[in-house]
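Counting from 1, position 47 in the sequence shown corresponds to residue 47 in the working numbering; the numbering is continuous, with no gaps.
The beta carbon of each residue, even a glycine, is placed where N, CA and C say it ideally should be.
A quick write-up on the structure given underneath.
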Amino acid sequence: MGKVIVIEGLDGSGKATQTERLYQTLKSKGVDVLRVSFPDYDSPSSALVKMYLNGEFGSAPDDVNGYAAASFYAVDRYASYKKDWGRAYADGAVILCDRYATSNAVYQMTKVDEAEREEYLRWLEDLEYNRLGIPRPDLVIYLDVPTEISQSLMSRRYDGDESKKDLHERNLSYLAKCSQSARYSAQKLGWSVISCVKDGKMRDIDDISREIAAMCGFAAE
Ligand SMILES: Nc1ncnc2c1ncn2[C@@H]1O[C@H](COP(=O)(O)OP(=O)(O)OP(=O)(O)O)[C@@H](O)[C@H]1O
Ligand SMILES: [Mg+2]
Numbered sequence: 001m002g003k004v005i006v007i008e009g010l011d012g013s014g015k016a017t018q019t020e021r022l023y024q025t026l027k028s029k030g031v032d033v034l035r036v037s038f039p040d041y042d043s044p045s046s047a048l049v050k051m052y053l054n055g056e057f058g059s060a061p062d063d064v065n066g067y068a069a070a071s072f073y074a075v076d077r078y079a080s081y082k083k084d085w086g087r088a089y090a091d092g093a094v095i096l097c098d099r100y101a102t103s104n105a106v107y108q109m110t111k112v113d114e115a116e117r118e119e120y121l122r123w124l125e126d127l128e129y130n131r132l133g134i135p136r137p138d139l140v141i142y143l144d145v146p147t148e149i150s151q152s153l154m155s156r157r158y159d160g161d162e163s164k165k166d167l168h169e170r171n172l173s174y175l176a177k178c179s180q181s182a183r184y185s186a187q188k189l190g191w192s193v194i195s196c197v198k199d200g201k202m203r204d205i206d207d208i209s210r211e212i213a214a215m216c217g218f219a220a221e
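Here you go:
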């Protein structure tokens, strides 16, 4: 069996940027590595996720409960595992994931009462790793970025066009709750947290990628 390494974080926290860096580092060390990203927007398996993020079930995240929404994302991952990388994983490859089942803990756990959180995490892990049977991650790296800063990075990416943001991205109070869920999950589930901001500013991309590579047991290029 291979390994699953996950880069997790809120919207605009630098996941795609750091996944690409780590991918290049692992490649350059001769590691058999495959990169995947979730949701798998290019696949029809993400149809329900797209409907949800487009607001077709209601304009607020809470219009779809945390169990239903998590299921939409989970089946998309199952399809990707079966079609795109399950074989390579079984053959020993490292699967590098920009988001994974861990995103449900960040975004969907916010929808249950605090007293229900532990049970919700158990349900999530049971659904994805036991019932659907996708691999449990070997390492989850959480990019911790305060929402004010990740919002401004995202706005830059969308050229200031707020209408391009999806139902999660445009909802600041929801994202603030997600940030709390993420910290709770990181602690409960043993994620490795990287503080991406120093003195109120985003750290250099290279600086962060060196820390990530070291966590994976490699020196960055
Ligand atoms: N350390 C950094 N310093 C400054 N800018 C950064 C840093 N990391 C990423 N960025 C920029 O911030 C924006 C968001 O980064 P990226 O797309 O990697 O985030 P993401 O977590 O994948 O976002 P999303 O969740 O929306 O897909 C991009 O324009 C990227 O170039
Ligand atoms: Mg991204």
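Coil, strand or helix - residue i by DSSP
| i | result |
| --- | --- |
| Lys43 | According to the sequence displayed, residue 43 carries Ser and not Lys. DSSP places Ser43 in coil when its eight states are reduced to three. |
| Leu96 | strand |
| Ser59 | coil |
| Val33 | strand |
| Val75 | helix |
| Val64 | coil |
| Gly217 | coil |
Any C-beta of chain D under 8 Å from that of residue i
| i | result |
| --- | --- |
| Leu132 | No chain D appears in the structure shown, which is made up of a single protein chain. |
Which residues DSSP lists as bridging residue i, in chain order
| i | result |
| --- | --- |
| Leu10 | DSSP lists no partner for Leu10. |
| Lys3 | Val94 |
Presumed contact (8 Å Cβ cut-off) between residue i and residue j, rounded CB distance
| i | j | result |
| --- | --- | --- |
| Val94 | Gly9 | About 19 Å separates the two Cβ atoms, so there is no contact after all. |
| Ala105 | Ala74 | Wrong, their Cβ atoms sit about 12 Å apart, outside the cutoff. |
| Leu143 | Ile194 | 6 Å |
- Runs of alpha helix (DSSP H) wholly within the stretch 101-139 (minimum 4 residues, chain order): With a minimum length of 4 residues, the continuous alpha helix (DSSP H) runs that stay inside the stretch 101-139 are 102-107 and 117-125.
- Counting only runs of 3+ residues fully inside the stretch 125-208, write out the beta strand (DSSP E) ranges in chain order. 139-144 and 192-195
- Query: Is there contact here, the stretch 144-159 with the stretch 16-26, by at least three beta-carbon pairs under 8 Å?
  - Reply: Using a C-beta cut-off of 8 Å, the stretch 144-159 makes no contact with the stretch 16-26, since fewer than three inter-stretch Cβ pairs fall below that distance.
- Task: Would you check if there are 3 or more beta carbon pairs closer than 8 Å linking the stretch 23-36 to the stretch 106-124?
- Result: no
- the stretch 83-94 / the stretch 59-69 touching (three or more Cβ pairs under 8 Å): no
- Query: Can we say the stretch 40-58 touches the stretch 180-187, given the rule of at least three CB pairs closer than 8 Å?
  - Reply: no
- Is the stretch 51-61 close to the stretch 163-172, with three or more CB pairs under 8 Å? With a cut-off of 8 Å, the stretch 163-172 and the stretch 51-61 count as touching, because enough Cβ pairs lie within range.
- Message: Would the stretch 126-133 count as touching the stretch 33-43 if we require 3 or more Cβ pairs under 8 Å?
- Response: no
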